[in-house]
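Structure first, commentary second.
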Amino acid sequence: MLAAAVAAVLLSGTAASAASAVDDPPPIAPAAVTAAGEQPEPDGTMSPMIIGGRPASQRYPGLGSLQYVRGDDPHWHTCAVNLWDPWHAITNAHCVTNFPDASTKDPSIYTIRFNSSDRLAGGVLTGVKKIAAYPTWAWGADPTVVQGDIAVLWLTKPVWTVPAALPPVLAPWPVRQWAARIVGWGFTAQPFAGATPQHLAEADTQIVDPTHCAAAAIDANEVCVLNVANPTISACYGDSGGPVMTPTRLRHTWLLIGTASRATSSDCTGAAVYTSVNAYRDWINQTIAGTYTTPKPKRPGLNRPPVYRWAGCPTTCQ
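Structure representation (C-alpha cells):
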C-alpha cells in the first residue's frame, strides 16, 4: 500500500484474519481502502457477477484464477492472471508481494486455473515457480516514481491455449470513452466477505480520461476505467489482475489494455485504475528473456492527490 501520508484501495482477494500459507499484510488505518483481493471473513452470499455485470458470455482462454490454500479452502481465489506465452503470465504486483517491503511471496504456494469460467473446475491447472515484480513497485511508498503495479509469473508447466492479444506497440492511446470490457471473479455485492464467486463475470464499460481517476493518483503508465452512464458498474475486491479489454473486428476477440490495480472508492463504485500492459511490455519481455537493466525511474504523468485508494484490501494492506 501507500506510505503513511497516502491511503489506497487494492482489488485483490485475501481474507484478513484466517491463517494461511500466505502472510497477510497488517491492518490498514481506518482512512485507507483496500486491494481487490483482500477480503474479510466469510459472511454472506454472493451473486455470480462483477458489480453491475453479468455471467461471462464467452470463454476467455488466456485468463486464469490465481489461488492458494487458505484455512480449509484449497482453492482460495486472490487475483486474476493473464497468459503472456505458454510459460509465463502477468498479474498485478500487489497480488504477489508482501507488505510493506514489496518482496515477492513464495511462488510455490500458488496454483492457476486457466481456460475455465469456473474457478473450481475444468480448464488447465499449473503452478508458479518464480515471480518478478516491477523494480519501482513499493506499495506507493515513493510518489515520485511510477507505481509499477505489475508482475511476471513463471509457470511450472506450459499452458497451450490462446494468450492475451495485445494492441500494436505504436497504437494510439485510447480515446476518451473507448468501449471496453472488464472480467473477473471479484465480489458482486456487499458484504465483501468470504470467498469470491465461483463463476466468471463480465461488464461493459469505457476507458476514459485519466482525470476521472485523480482520486487514485493515476500515473502515466496506467489507464482509467469508468462506466460513464452507470458508475455503479465496476470492478471489486477479487478482480485485481483481471483485464480491461477493447473489442476487435473479430467476434469474441479482445485486446488486453490493462490489468486491475486499484479503485477510487471503497464501495466498488466509480472509476478504477488499471496498469497499462503496453507501457510495461518491454519490461515484461526483457524480464522473461533475462535482459532487463534498471533505468532511471520515470516520474508520474499526473500530480498525486493527498489520498490514495488501492483496490483489493478491505481490512489489510497498509
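Residue numbering for the sequence shown is -18 to -1, 1 to 300, as defined by mature numbering (1 follows the signal peptide of the UniProt record, and there is no 0).
C-beta atoms are modelled at their ideal positions from N, C-alpha and C, and glycine is treated no differently.
Quantities reported herein were computed from a predicted structural model and do not represent experimental measurements.
Who are T108's beta bridge partners in DSSP? Sequence index remark: in the sequence shown, residue 108 carries index 126 (1-based). Paired residue(s): I94.
Specify, as a first and last residue, the run of the beta strand (DSSP E) that I239 falls within. Sequence index remark: in the sequence shown, residue 239 carries index 257 (1-based). Segment 236 to 245, the beta strand (DSSP E) holding I239.
Proximity to T235 [Cα-Cα], best of N203, S39, W119: Mapped onto the sequence shown, residue 235 falls at position 253. Of the listed residues, the one whose Cα sits closest to T235 is S39.
Between which two residues does the alpha helix (DSSP H) carrying T269 extend? Here residue 269 is taken as the residue at index 287 of the sequence shown, counted from 1. Unbroken alpha helix (DSSP H) run through T269: 263 to 271.
What does DSSP give as the partner residues of S61 in its beta bridges? The residue labelled residue 61 in the question sits at position 79 within the sequence shown. Position check: residue 61 holds Cys in this sequence, whereas Ser was assumed. DSSP, once it has assigned bridges, lists L48 as partnering C61.
How should Y207 be labelled, buried or exposed, when 16 other C-beta atoms within 10 angstroms of its C-beta is the threshold for buried? To locate residue 207, count along the sequence shown from 1; it is residue 225. Tyr is not the amino acid found at residue 207; the sequence shown has Val there. Result: buried.
Do you know offhand how far E204's Cα is from T257's? On the sequence shown, residue 204 is found 222 positions in, with the first residue counted as 1. On the sequence shown, residue 257 is found 275 positions in, with the first residue counted as 1. Distance between the alpha carbons of E204 and T257: 4 Å.
Return helix, strand or coil for P82, following the three-state DSSP convention. Taking the first residue of the sequence shown as 1, we reach residue 82 at position 100. Here P82 sits in coil by DSSP.
Given that a residue counts as buried once 16 or more other Cβ atoms are within 10 Å of its Cβ, and exposed if not, what is G104? For the purposes of this step, residue 104 is identified with residue 122 of the sequence shown, where counting begins at 1. So G104 counts as exposed.
Buried or exposed: V190, going by 16 or more other Cβ atoms within 10 Å of its Cβ? Counting from one through the sequence shown, the residue named residue 190 turns up at place 208. Under this definition V190 is a buried residue.
Of the listed residues T73, A254, V128, T187, nearest to V110 (C-alpha basis): As a first step, residue 110 is located in the sequence shown; it is residue number 128 there, counting from the start. Per the C-alpha coordinates, the member of T73, A254, V128, T187 positioned closest to V110 is T73.
Coarse secondary structure for C195, derived from DSSP in three states: Walking along the sequence shown from the start, residue 195 turns up at place 213. It is helical.
Candidates R263, W265, N260, L102: which alpha carbon is nearest A177's? Within the sequence shown, numbered from 1, the residue matching residue 177 stands at position 195. The option with the nearest alpha carbon to A177 is L102.
Could you tell me which of G168, W58, P68, N64 sits nearest to I239, measuring between CA atoms? The residue labelled residue 239 in the question sits at position 257 within the sequence shown. Of the candidates G168, W58, P68, N64, the residue whose Cα lies closest to the Cα of I239 is N64.
Which one or two residues does DSSP pair with C77 in a beta bridge? The residue you call residue 77 lines up with position 95 of the sequence shown. Beta-bridge annotation (DSSP): C77 is not paired with any residue.
Please report how far the alpha carbon of T276 lies from the alpha carbon of P117, in whole angstroms. Here residue 276 corresponds to residue number 294 of the sequence shown, with the count starting at 1. Here residue 117 corresponds to residue number 135 of the sequence shown, with the count starting at 1. Cα to Cα, T276 sits roughly 7 Å from P117.
Secondary structure at P89, three-state DSSP: helix, strand or coil? Working through the sequence shown from its first residue, we reach residue 89 at position 107. It is helical.
So the beta strand (DSSP E) S258 belongs to, where does it begin and stop? Mapped onto the sequence shown, residue 258 falls at position 276. Here the beta strand (DSSP E) through S258 covers 254 to 258.
Under the assumption that A217 contacts L(-9) (Cβ atoms under 8 Å), give the Cβ distance between them as a whole number of angstroms. Looking up residue 217 in the sequence shown gives position 235. Looking up residue -9 in the sequence shown gives position 10. A217 to L(-9), Cβ: 11 Å. No contact.
From H194 to A162, what distance separates their C-alpha atoms? For the purposes of this step, residue 194 is taken as the residue at position 212 of the sequence shown. For the purposes of this step, residue 162 is taken as the residue at position 180 of the sequence shown. Straight-line Cα distance between these residues: approximately 16 Å.
Restricting to Cα atoms, I'd like to know which of A84, W142, L137, D201 is closest to A71. Here residue 71 refers to the residue found at position 89 of the sequence shown. Ranked by Cα distance from A71, the options A84, W142, L137, D201 are led by L137.
According to DSSP, residues forming a beta bridge with A177: The residue you call residue 177 lines up with position 195 of the sequence shown. Beta-bridge pairing links A177 to no other residue.
Measure the C-alpha to C-alpha separation of G53 and L232 and round it to an integer number of angstroms. By 1-based counting over the sequence shown, the position of residue 53 is 71. By 1-based counting over the sequence shown, the position of residue 232 is 250. Straight-line Cα distance between these residues: approximately 43 Å.
Restricting to Cα atoms, I'd like to know which of Q188, W119, N97 is closest to T143. Here the question's residue 143 lines up with position 161 in the sequence shown. From the listed residues Q188, W119, N97, the smallest Cα separation to T143 is found for N97.
Inspect the beta-carbon positions of A114 and T269 and report whether they are closer than 8 Å. As a working note, residue 114 is residue 132 in the sequence shown. As a working note, residue 269 is residue 287 in the sequence shown. Contact: yes.
Can you confirm whether the segment 217 to 228 touches the segment 242 to 249 when touching is taken to mean that 3 or more C-beta pairs between the two stretches lie within less than 8 Å? Contact holds: three or more Cβ-Cβ distances are below 8 Å.
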